[in-house]
Every structure is written in structure tokens, then in C-alpha cells.
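Visitor:
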Amino acid sequence: SLVVLFGATAGAYGAKLGSDERELILLVGTLHKSLVKADNLDLSDQCREVSGLTPEGLSKAEPLDRVLQQFSQLVSSDLKVFGRSSYTLCSDGQLLIRQVLHPETSKKNFLLSDCFYSFYDLRKEFHTCYPSSAPVKDQTIKTMAEYLGLGTHETEEDFGVWQVKTMVAIILSMLSESCNHVFTEPETVKYKYETGPCSKSETVDSETVIRARGLPWQSSDQDIARFFKGLNIAKGGVALCLNAQGRRNGEALVRFVSSEQRDLALERHKHHMGSRYIEVYKATGEEFLKIAGGTSNEVAQFLSKENQVIIRMRGLPFTATQEDVLGFLGPECPVTGGKEGLLFVKYPDGRPTGDAFVLFSCEEYAQNALKKHKEILGKRYIELFRSTAAEVQQVVLNRYMSTPLIPTLPTPIIPVIPPPYTIATGSIRDCVRLRGLPYTAGIDDILEFMGDATADIKPHGVHMVLNQQGRPSGDAFIQMKSADKAFMVAQKCHKKMMKDRYVEVFQCSGEEMNFVLMGGTLNRSGLSPPPCKLPCLSPPAYAAFQTAAVIPAEAALYQPQALLPTTRTPQASAAAPPTVTYYPAQAAQLYMNYTAYYPSPPVSPTTVGYIAAPPGAVAAAATATHTPILPQPGALVRMQGLPYNTGMKEILSFFQGYQYAPDDYNGLIQLSDQARSVLQAPKEWVCL
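Quick note: my numbering has the sequence shown finishing at residue 708, numbered continuously throughout.
1. Using 8 Å for Cβ pairs, my map puts Ser-407 next to Arg-332. What's the rounded Cβ distance?
2. Across the region 66-74 and the region 25-42, are there enough close Cβ pairs to call them in contact, namely three or more that are closer than 8 Å?
3. If I measure Cβ to Cβ from His-646 and keep anything under 8 Å in the same chain, skipping five residues before and after, which residues do I get?
4. At the level of alpha carbons, what is the spacing between Arg-246 and Ser-529?
5. Report the three-state DSSP secondary structure of Arg-275 (helix, strand or coil).
6. For Thr-141, name the three-state secondary structure that DSSP assigns.
7. Look at Leu-336 and Gly-361 and say whether their C-beta atoms are less than 8 Å apart.
8. Can you tell me the Cα-Cα spacing of Phe-565 and Met-668, whole angstroms?
9. Which of helix, strand or coil does DSSP assign to Glu-166?
10. According to DSSP, simplified to helix, strand and coil, what is Gln-342?
11. Assign Glu-352 to buried or exposed, taking buried as 16 or more other Cβ atoms, counted over all protein chains shown, within 10 Å of its Cβ.
12. Assuming contact is defined by CB atoms lying nearer than 8 Å, are His-289 and Glu-41 in contact in what I supplied?
13. When the Cβ atoms of the region 72-88 are set against those of the region 245-262, are three or more pairs found closer than 8 Å?
14. Taking just the CA atoms, how far does Arg-282 sit from Glu-307?
15. Counting only runs of 4+ residues fully inside the region 29-85, write out the alpha helix (DSSP H) ranges in chain order.
16. Could you pull the start and end residues of the alpha helix (DSSP H) that Ala-475 belongs to?
17. Look up Leu-116 in the DSSP assignment and say whether it is helix, strand or coil.
18. Output needed for Cys-218: all residues of its chain with C-beta closer than 6 Å, excluding positions within five of it in sequence on either side, in chain order.
19. Flag this pair as yes or no: are the beta carbons of Ser-497 and His-514 separated by less than 8 Å?
20. Among all the DSSP beta bridges, which residues are the ones paired with Lys-302?
21. When you compare each of Asp-112, Glu-384, Asp-225 and Glu-403 to Thr-186 by their alpha carbons, which one comes out closest?
22. Check the Cβ-Cβ distances between Lys-157 and every residue of chain C, and say whether any is below 8 Å.
23. Would you decide whether Cys-382 is buried or exposed? Buried here means 16 or more other CB atoms lie within 10 Å of its CB.
24. Compare the beta carbon distance of Ser-319 and Gln-413 with 8 Å and say whether it is the shorter of the two.
25. Decide if Arg-131 is buried, meaning its Cβ has at least 16 other Cβ atoms within 10 Å, or exposed.
26. Does the count of Cβ pairs from the region 363-379 and the region 219-233 closer than 8 Å reach three?
27. Could you tell me the alpha carbon to alpha carbon distance between Val-87 and Asn-327, rounded to whole angstroms?
28. On the three-state DSSP scale, how would you describe Met-659?
29. Please confirm whether Trp-237 and Gly-270 have their CB atoms less than 8 Å apart.
30. Suppose you measure from the CA of Gln-242 to the CA of Ile-463; what does that come to, to the nearest Å?
31. Which partner residues of Gln-387 appear in the DSSP bridge assignment?
32. Measuring only the C-alpha atoms, how far is Leu-99 from Lys-302?
33. Determine the DSSP secondary structure at Asn-269, reduced to helix, strand or coil.
34. Taking DSSP's pairing of strands, which residues face Pro-206 in a bridge?
35. Quick check on DSSP: helix, strand or coil for Thr-495?
36. For Arg-246, report the span of its alpha helix (DSSP H) as first-last.
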């Protein structure tokens with residue numbers, strides 16, 4: 021049997037039904053009409069005009085769960101009269117069931133009966149029966165009735181009753197002998213989201229992928245699937261995005277089974293997950309594969325067990341074994357397959373990262389495991405989170421297994437000699453600060469924003485300010501050729517639009533700029549210096565290299581003078597060699613991270629980097645200069661893999677038998693994972 025269903029919400033009507041997240045207020049079945057009491061009885065003007073309903077009338081109605089229960093009971097009793105027991109719903113399009121009923125019941129935490137997971141879309145069935153009719157997306161009850169020559173006098177019946185009666189008449193016409201239409205393929209709604217791996221060799225249709233932004237950081241793939249309840253997500257189609265530290269950044273890519281489902285998902289833009297609204301945008305298949313795709317045999321074997329709950333463990337001791345993890349979890353949350361249900365994440369050189377993924381066969385075991393969040397294993401507390409198959413692939417393959425934290429140089433580099441320049445200092449207000457930049461803004465956007473004033477910018481005078489995660493903070497500083505030029509720019513560009521945001525422009529001094537670039541703050545209360553007690557590194561030391569030599573690939577990771585202050589030598593007053601700057605390949609921007617406790621070079625994104633060069637060019641550059649690779653006496657060495665509790669005495673003991681440079685050795689550096697590339701004060705060693 022077919023049971024015709026029609027409904028309306030307190031907000032938009034027609035093609036926008038459900039797009040405004042408003043609650044259901046009317047449900048009409050084949051023989052029954054029910055008002056629904058919504059939590060918010062503030063009706064839109066369109067709803068009042070079309071439906072004729074009032075808040076006073078709705079206040080006396082039953083809540084949605086009671087209405088749905090009564091609906092199922094009434095339909096079942098009516099079918100018994102005809103000797104029937106099973107039925108399938110038929111609605112005007114998919115919006116009522118997919119965009120209204122399923123999302124609302126999911127938010128209110130009660131389950132829909134099985135009949136709402138399979139239904140017929142009358143518009144699709146009508147177009148199949150009458151191919152010459154209007155396209156499915158343009159169909160309405162009224163246009164279908166007019167196509168068949170049925171009466172369309174809506175005012176003669178109550179709102180909802182006319183729609184249901186007309187839908188019944190349309191269906192009877194389709195079932196008549198002249199058409200003999202058969203309803204055979206109902207629309208289906210998935211009961212639950214299915215996890216699974218994704219291979220980079222798969223073909224992903226870009227018309228099926230969206231990007232969700234603004235997610236709570238602790239949200240899992242099941243939470244995202246619940247947000248899109250009513251829409252069919254492809255198997256393994258939720259990919260949580262991670263930042264450079266392997267942590268979730270509040271974004272996810274979601275792949276749906278069809279473009280039609282994707283288009284319905286886009287209508288949920290700025291719908292809410294808890295108290296947060298979620299932005300939904302189009303994305304591409306390439307973006308999805310970049311996050312979710314993987315080809316590792318180890319990961320594929322780990323994820324081969326389907327319908328498992330995945331938990332991520334973070335902060336494990338580096339010496340932790342599989343037995344240690346299984347003992348930590350205990351018998352109340354058994355791991356699927358024992359040791360086979362554990363996957364430790366490692367760096368490319370085989371060192372453990374402190375992360376692991378664990379499989380559980382059911383939700384109950386996973387919940388028991390999550391209760392151990394921040395319990396102690398060894399001497400460390402362990403964090404536990406829900407995870408996804410896509411996150412496993414992204415963390416193991418794309419994050420840790422692809423490139424080392426500090427990349428080595430596969431080929432030699434060639435010097436490029438630019439005009440000399442310096443970072444501004446002093447109290448002269450020849451700089452401007454840009455505040456409120458779009459986070460996607462780059463150097464080119466800033467130059468376009470400045471317009472004609474770009475001619476008055478000093479060479480290498482654009483400085484992006486990054487936050488502690490290494491992302492754009494929305495601020496930038498620009499060095500102008502004079503204080504007058506800075507004043508004119510501040511007057512002309514203040515609150516001018518860049519993309520969809522207005523940008524504030526203030527005149528400031530080089531001293532103020534340097535304080536902010538080194539981790540300080542500049543606001544209405546004045547200037548606050550960086551909180552670190554370390555001496556600030558001299559900005560001019562970062563601005564230029566002190567040698568024109570070429571570093572062989574096998575000899576160095578970084579040229580020391582690129583990041584460290586120059587060593588004080590008796591020949592400091594002698595003529596300096598030509599200034600050399602290494603530019604990034606293809607003008608790529610290299611953003612130097614800064615934090616409040618680890619000062620880093622306040623240079624423009626285009627002033628430090630490397631360009632690969634053919635051997636011939638390197639040889640030519642090497643013969644053009646007689647400056648040694650290390651102009652200072654001795655050599656700089658970098659130690660990797662130190663125990664985290666290593667102190668200065670242990671390092672000096674390690675180098676016993678070698679003579680270190682005669683200056684004080686308070687500058688020995690211990691590099692953490694967070695700041696391995698931050699060097700504070702160099703130490704030179706002379707090999708005897």
C-alpha cells in the first residue's frame with residue numbers, strides 16, 4: 021500500500037523546505053491531519069500566509085514524537101480494515117523526509133520508525149511515467165495536477181488536505197490502465213554511516229563532495245553523519261582534516277553517494293551542531309582523496325575489519341608496547357583481534373610518535389575506552405578520542421610517513437643576490453599595520469589592496485604575522501619609504517575592503533613592528549614586549565646571509581647564518597662579503613612561525629627559502645667565489661634524537677675529547693618536536 025504524506029514547517033515552504041532549520045508544525049497522512057507543537061512557535065510570514073496557522077492554535081498541539089507515534093498507529097489500524105499490513109510512504113519530493121523529519125528527530129534524540137527509511141518520490145515517479153512533463157526539480161503538486169488536467173482550487177480545502185487529495189488523484193491517474201505505472205524503486209535513507217578505507221586510485225566525482233567548516237574539534241565521523249542525517253554518505257565518506265601538528269582543525273570533507281544528495285547537503289549551510297553553526301561549501305574529488313586516500317598495506321590491513329569503532333590514543337610513552345596498551349585498556353574494553361587491532365604511528369625513521377589507533381567491535385567497548393581519557397600509562401597521561409578511517413590514513417600516510425619534520429635538501433642550492441635591505445628599527449613611524457586580513461590573503465592580495473602605494477614599499481617590506489600554530493593571524497606589517505608615505509597609506513586604505521572583509525590600517529614604527537613580529541602585542545593599551553626572557557635576536561642578522569658560498573646538499577640542512585646571529589670576531593669591521601638571499605622555488609611563500617616563547621626571524625615570506633639548481637650551475641657559482649663554506653672557524657653540528665630529559669652536562673660529556681669554541685656555552689640548544697627548527701644561540705665545535 022502507498023500512504024501519501026505531506027508536511028510543513030514554521031519557516032520556508034516549497035523548494036526551500038527545511039533549509040532554514042525550522043521545526044515541523046503540520047503532518048498530513050492519507051486520512052489524518054495533525055498539528056505539531058514546535059519548541060519555537062514563532063512562525064514566518066510565508067508560513068502564516070500559506071498555511072493559515074497561528075501560534076495559539078499550535079500551542080495546544082502534541083509534540084512531534086507523540087504525533088509520529090499516533091500517525092503509525094492510525095495508519096496500521098486503517099490498513100487492517102483493508103486486510104493489509106505493510107505500506108510505503110509517498111511524498112511530494114524528498115525534502116519533507118530527508119531535510120525535515122530525519123534532521124529534527126536526530127536533534128531531539130528519538131528514533132523514526134522503519135517506514136521513514138524507505139519512500140517514493142512522487143515527482144520522480146511522475147516524470148518517469150510522463151517523460152514529456154517538466155524536469156523533476158521544477159515539479160510541484162500544482163504543476164503535476166495541471167499537466168493531468170485535474171482541478172487546482174486550493175482555497176476550497178484546508179491547507180495540507182488539498183495537497184494530499186491532489187497527490188492521491190495524481191497517483192490514481194498514474195496507476196490507471198492508460199499508464200499502468202509501477203512503483204518499484206523506492207528512495208532509501210541509510211540507517212547508519214558505514215566506515216571504510218579509501219584508496220588514492222579511486223575516482224571521486226567532484227559533484228558529490230562538500231567541505232564542512234566550524235566543527236567542534238572533538239567531533240567524530242559519526243557526529244558529522246548525524247549532522248547530515250537523512251542524506252546518504254558514501255562508505256568511508258567522512259574525512260576529518262588535520263593541521264600541521266596532526267590535530268583536527270574543525271574542517272571535514274564529506275562524500276555523498278550522488279550529486280543530488282550533495283546538493284541537499286549544501287542546503288544545510290549554517291545549520292547547527294550543538295551551539296555551533298556549520299558552514300557547508302562545495303569541494304572537489306581531488307581534495308577528498310588528498311585527505312582520505314591511502315595505499316599503505318599496513319593501514320589497509322588494519323582497516324579491513326569493517327563496521328569497527330576507531331579510537332585514537334595520543335601521548336603514549338615512546339617505549340610503550342602492544343602489551344602495555346592492551347593492559348591500559350583492560351578487559352572491560354577488549355580490542356578487536358587483540359594485537360592486530362592496534363596500529364602505532366611512527367615517523368619515517370621508525371621512531372614512535374606517541375599516537376596509536378585502536379579498533380573496537382561495538383559502541384559499548386569504545387565508550388568504556390573513552391572513560392580512560394587522561395588516565396596514566398607509565399608516567400604520562402593518555403588522551404583518547406573518537407577517530408575515523410580517513411583520519412587513520414591521513415595521520416599514518418599523509419602526515420608522518422610522507423616527509424620528515426625538517427626536510428633535507430635533495431639537490432644543491434644556488435644563491436640569488438638581491439639588493440641589500442634592512443628590517444626597520446627605531447621610533448620613526450614609517451610602517452603601517454594591516455589588521456583584519458582574510459586568513460586566505462597572501463602577498464599578492466596585500467599588494468593589490470595597497471594599489472598605487474605599492475611603489476612606496478621598501479624592498480622585502482611586507483611581513484605576515486602568524487599565530488602560534490603557524491597560520492595567518494590576520495595581521496601584516498608593511499615598511500614604507502618614509503613616514504609621510506605611511507601616513508598617506510593609513511589615511512587612504514583604512515577600512516578598505518579586501519575580498520569580503522574590511523581591513524584596518526594604522527601607522528606605526530619599526531620598533532612596534534619588531535615587537536609584534538617577535539611575539540609581543542600592540543593594542544589600545546600600548547606596547548607589550550614578548551613574554552620570553554630570552555634576549556631578542558637582532559633582526560638585521562636575519563635579513564641577510566654573511567657569505568656567498570653554496571652549501572653542498574650532503575653538508576648542511578640549513579645555512580647557519582640564515583637563522584643565527586653572526587659570531588663576534590676581531591675582523592667584524594672588515595668589508596663584508598656580498599649579501600646573498602635564497603628565494604623559494606616558483607616563488608612559493610615560506611611563512612616563518614613565531615610563538616611567544618620561541619622568537620624567530622621577522623622576515624618577509626619571500627626572503628628565506630631555497631631554489632634547486634643543476635650541478636653545472638652550482639659548480640659555476642662555486643668557482644665564482646673563494647669564500648669558504650663556513651667563514652667562521654670550526655663547524656656547526658646538529659644533534660637529532662636526544663632524550664627529552666637531556667641536559668647541558670650530558671651533551672658536554674657526549675663530546676668529551678673534542679674541543680668546543682672558547683666562548684661561553686650557555687647557548688646549547690634543546691629542540692622540542694614543536695620547535696625543532698627554532699635555533700636560539702649557536703654553539704660551534706672544533707674537531708681535533
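Even for Gly, the Cβ is constructed at its ideal location relative to N, Cα and C.
Guide: Checking against the coordinates, here is how it stands:
1. Taking the sequence shown and counting its residues from 1, the one referred to as residue 407 is at position 387. Taking the sequence shown and counting its residues from 1, the one referred to as residue 332 is at position 312. Contact holds; Cβ gap of about 4 Å.
2. Between the region 66-74 and the region 25-42 there are three or more C-beta pairs closer than 8 Å, enough to call the two in contact.
3. Position 626 of the sequence shown holds residue 646. With a pLDDT of 44 at His-646, under the threshold of 50, the modelled position of that residue is not reliable, and no figure is offered here.
4. Indexing the sequence shown from 1 puts residue 246 at position 226. Indexing the sequence shown from 1 puts residue 529 at position 509. Whole-angstrom Cα-Cα distance: 51 Å.
5. The residue you call residue 275 lines up with position 255 of the sequence shown. Of the three classes helix, strand and coil, the one that applies to Arg-275 here is strand, per DSSP.
6. What you label residue 141 is simply residue 121 of the sequence shown in a count that begins at 1. Residue identity differs from the one stated: residue 141 is Asp in this sequence, not Thr. Of the three classes helix, strand and coil, the one that applies to Asp-141 here is strand, per DSSP.
7. Position 316 of the sequence shown holds residue 336. Position 341 of the sequence shown holds residue 361. Not closer than 8 Å, so no.
8. Translated into the one-based positions of the sequence shown, residue 565 becomes position 545. Translated into the one-based positions of the sequence shown, residue 668 becomes position 648. Bear in mind that a pLDDT of 34 at Phe-565, under 50, signals an unreliable position, so the model cannot answer this.
9. For the purposes of this step, residue 166 is identified with residue 146 of the sequence shown, where counting begins at 1. In the three-state reduction of the DSSP assignment, Glu-166 falls in the helix class, which pools H, G and I.
10. Looking up residue 342 in the sequence shown gives position 322. The three-state secondary structure of Gln-342, taken from DSSP, is helix.
11. By 1-based counting over the sequence shown, the position of residue 352 is 332. It counts as exposed.
12. Your numbering for residue 289 matches position 269 in the sequence shown. Your numbering for residue 41 matches position 21 in the sequence shown. No, the pair does not count as a contact, with Cβ atoms beyond the cut-off.
13. Fewer than three beta-carbon pairs drawn from the region 72-88 and the region 245-262 are found closer than 8 Å, and the two stretches are therefore not classed as touching.
14. Position 287 of the sequence shown, counting from 1, holds the residue named residue 307. Position 262 of the sequence shown, counting from 1, holds the residue named residue 282. Taking the straight line from one Cα to the other gives about 15 Å.
15. Taking only runs of at least 4 residues, the alpha helix (DSSP H) segments lying wholly in the region 29-85 are 65-71 and 75-78.
16. In the sequence shown, the residue the question calls residue 475 occupies position 455. Run containing Ala-475: none; DSSP gives neither H nor E here.
17. By one-based count along the sequence shown, residue 116 stands at place 96. In the structure shown, Leu-116 falls within a helical segment according to DSSP collapsed to helix, strand and coil.
18. Residue mapping note: residue 218 aligns to position 198 of the sequence shown, counting from 1. Hits under 6 Å: Gly-256, Ala-312 and Gly-313.
19. Reading the sequence shown from its first residue, position 477 is the one you call residue 497. Reading the sequence shown from its first residue, position 494 is the one you call residue 514. Here residue 497 is Phe; the residue named in the question, Ser, does not match the sequence. Not in contact: Phe-497 and His-514 (Cβ atoms no closer than 8 Å).
20. The residue given as residue 302 occupies position 282 in the sequence shown. Residue pairing by DSSP puts Lys-302 in a beta bridge opposite Ile-230.
21. On the sequence shown, position 166 is the one that residue 186 refers to. Taking each of Asp-112, Glu-384, Asp-225 and Glu-403 in turn and checking the Cα distance to Thr-186, the smallest one comes out for Asp-112.
22. No chain C appears in this structure, which consists of one protein chain only.
23. Translated into positions along the sequence shown, residue 382 becomes position 362. With fewer than 16 other Cβ atoms within 10 Å, it is exposed.
24. Indexing the sequence shown from 1 puts residue 319 at position 299. Indexing the sequence shown from 1 puts residue 413 at position 393. It should be pointed out that residue 319 corresponds to Val in this sequence rather than to Ser. Yes, Cβ-Cβ distance for Val-319 and Gln-413 is below 8 Å.
25. Looking up residue 131 in the sequence shown gives position 111. This sequence places Leu at residue 131; Arg is not what is there. Burial call: exposed.
26. As far as the Cβ criterion goes, the region 363-379 does not touch the region 219-233, which means the pair count is below three.
27. Along the sequence shown, read from residue 1 onward, the residue named residue 87 stands at position 67. Along the sequence shown, read from residue 1 onward, the residue named residue 327 stands at position 307. Using only the alpha carbons, I get a separation of about 33 Å.
28. Reading the sequence shown from its first residue, position 639 is the one you call residue 659. In the three-state reduction of the DSSP assignment, Met-659 falls in the coil class.
29. Position 217 of the sequence shown, counted from the first residue, corresponds to residue 237. Position 250 of the sequence shown, counted from the first residue, corresponds to residue 270. Cβ distance < 8 Å, so Trp-237 and Gly-270 count as in contact.
30. The count along the sequence shown starts at 1 and reaches residue 242 at position 222. The count along the sequence shown starts at 1 and reaches residue 463 at position 443. One C-alpha to the other measures close to 39 Å.
31. As a first step, residue 387 is located in the sequence shown; it is residue number 367 there, counting from the start. According to DSSP, Gln-387 bridges with nothing at all.
32. On the sequence shown, residue 99 is found 79 positions in, with the first residue counted as 1. On the sequence shown, residue 302 is found 282 positions in, with the first residue counted as 1. So the two alpha carbons sit approximately 44 Å from each other.
33. Here the question's residue 269 lines up with position 249 in the sequence shown. Of the three classes helix, strand and coil, the one that applies to Asn-269 here is strand, per DSSP.
34. For this step, residue 206 is matched to residue 186 along the sequence shown. Looking at the DSSP assignment, Pro-206 forms no beta bridge with any residue, so it has no partner.
35. If you number the sequence shown from 1, residue 495 lands on position 475. Per the sequence shown, the amino acid found at residue 495 is Asp instead of Thr. Strand at Asp-495.
36. Numbered from 1 along the sequence shown, position 226 holds the residue referred to as residue 246. 241-247 is the extent of the alpha helix (DSSP H) around Arg-246.
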